[in-house]
Structures are given as C-alpha cells and as structure tokens.
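Visitor: Residue numbers (my numbering): 351 to 537. I have a structure here, written as structure tokens, and I will follow up with some questions on it.
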Ligand SMILES: [Fe+2]
Ligand SMILES: [Fe+2]
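The following block contains the structure:
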C-alpha cells in the first residue's frame with residue numbers, strides 16, 4: 351500500500367516542521383547559559399531532528415520521498431507574533447506550539463484508514479512530545495520569580511490566540527488535504 355498525494359503532502363509537511371523545530375531549538379540551545387535548561391534544550395533540539403528523520407524514514411518505507419516544501423507552520427507563526435524577545439517568550443511560544451503539535455498528532459491518530467507505519471511513527475514521536483510539554487511547563491514555572499506568574503500567563507495567552515489564528519488560516523488554505531483534521535477531536 352502506498353501513499354496518496356494528500357498523505358504524502360501531510361507527512362512531508364510534518365517532516366519540514368520538525369526540521370524547523372530542530373533548527374529553532376538548535377539556535378536557542380547554543381545561546382543559553384550553562385545549566386539544566388541548556389541540557390534540556392539540546393535534548394529537545396536532538397529530539398526534533400530525530401522526528402524529522404522518523405518522518406523521512408516512514409515516507410521512504412511507504413515507497414516515496416518527502417516533497418520539498420518551503421512553507422512551514424513555524425514560519426507563519428513567527429510571522430504572526432514576531433521573534434521572541436526573551437528566553438521566557440521562547441519557552442512560552444514553545445509551550446503553545448508543543449500543545450498544538452501533540453493535538454495535531456492526536457487527531458491524526460483518529461484518522462480513518464490510518465496506515466500502521468504512520469501510526470507507529472506518530473506514537474514514537476508522541477513519547478518525546480509529552481516530555482517537551484513537561485519540561486517546558488517546569489521551566490516556565492521556575493521563571494515566575496523573575497518574570498511574574500501573571501506576566502507569563504498573559505504571554506502564553508497572547509501566543510495561544512496567535513496560534514489559533516494561524517492554525518485556522520492553515521486549515522482554510524490547505525482545505526481538503528487535511529479534511530480529516532476538521533472533524534472534532536475525541537474528548
Ligand atoms: Fe517533534
Ligand atoms: Fe516537540
């Protein structure tokens with residue numbers, strides 16, 4: 351069984367987004383001070399790079415090569431909110447973004463006729479994505495003394511609204527390629 355055009359497009363889109371994630375966290379990991387967050391960010395960078403590899407391998411195993419895509423979710427996202435101005439903003443964006451990713455993969459797992467090889471890839475990635483959400487949440491909590499809990503919460507809210515807009519626009523634009531995503535997610 352091979353991939354249809356829409357599936358190939360979506361898995362290629364995931365691959366591109368994971369690559370962008372890796373490049374983003376690679377840059378962040380290079381700039382932070384020595385310490386635990388530095389180690390977590392370099393781990394995160396490596397995870398996202400692996401996710402891109404898992405998608406590449408998955409598409410190859412299904413008899414195709416990923417499509418070269420210029421557009422990525424993160425580009426749109428950063429366009430909408432601007433570059434983060436502090437490490438706190440980086441972590442706040444990351445929290446919103448990681449929730450989006452995990453929600454997206456969770457929805458994809460509910461797609462009818464999901465290929466077992468795709469399911470396996472998503473499940474493998476989700477293990478790491480759950481850790482990303484946890485460590486980012488803890489890092490933001492530790493920043494409360496410095497930035498203030500209310501300021502952090504307001505920043506997360508602002509980025510959440512931007513993410514909702516970007517996601518709605520993305521769905522509208524890619525239409526039937528991602529039609530299954532418009533079905534309501536399971537509770
Ligand atoms: Fe990832
Ligand atoms: Fe992630």
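Quick reminder that beta carbons are idealized off the backbone N, C-alpha and C, glycines included. As the structure is a prediction and not an experimental result, all values here were calculated from the model.
1. Kindly indicate which residue of 429, 479 and 443 has the alpha-carbon position closest to the one of residue 455.
2. Say the cut is 6 Å; is the CB of residue 448 nearer than that to a heavy atom of ligand 1?
3. Could you give the DSSP three-state label for residue 453: helix, strand or coil?
4. According to DSSP, simplified to helix, strand and coil, what is residue 422?
5. Would you say the beta carbon of residue 482 is closer than 6 Å to some non-hydrogen atom of ligand 2?
6. Using 7 Å as the threshold, is the C-beta distance between residue 352 and residue 428 below it?
7. Are there any heavy atoms of ligand 2 lying less than 6 Å away from the beta-carbon of residue 479, as far as the coordinates show?
8. Where does residue 522 land, buried or exposed, given buried means 16+ other C-beta within 10 angstroms?
9. In three-state terms, what does DSSP make of residue 441?
10. Answer yes or no: the CB of residue 473 versus the heavy atoms of ligand 1, is any distance below 6 Å?
11. Using the C-alpha atoms, what's the distance from residue 516 back to residue 453?
12. Who are the Cβ neighbours of residue 406 in its own chain at under 8 Å, not counting the five residues just before and after it?
13. Per DSSP, what kind of secondary structure is residue 413 in: helix, strand or coil?
Guide: To lay it out plainly:
1. 479
2. no
3. helix
4. coil
5. yes
6. no
7. yes
8. exposed
9. helix
10. no
11. 15 Å
12. 365 and 416
13. coil
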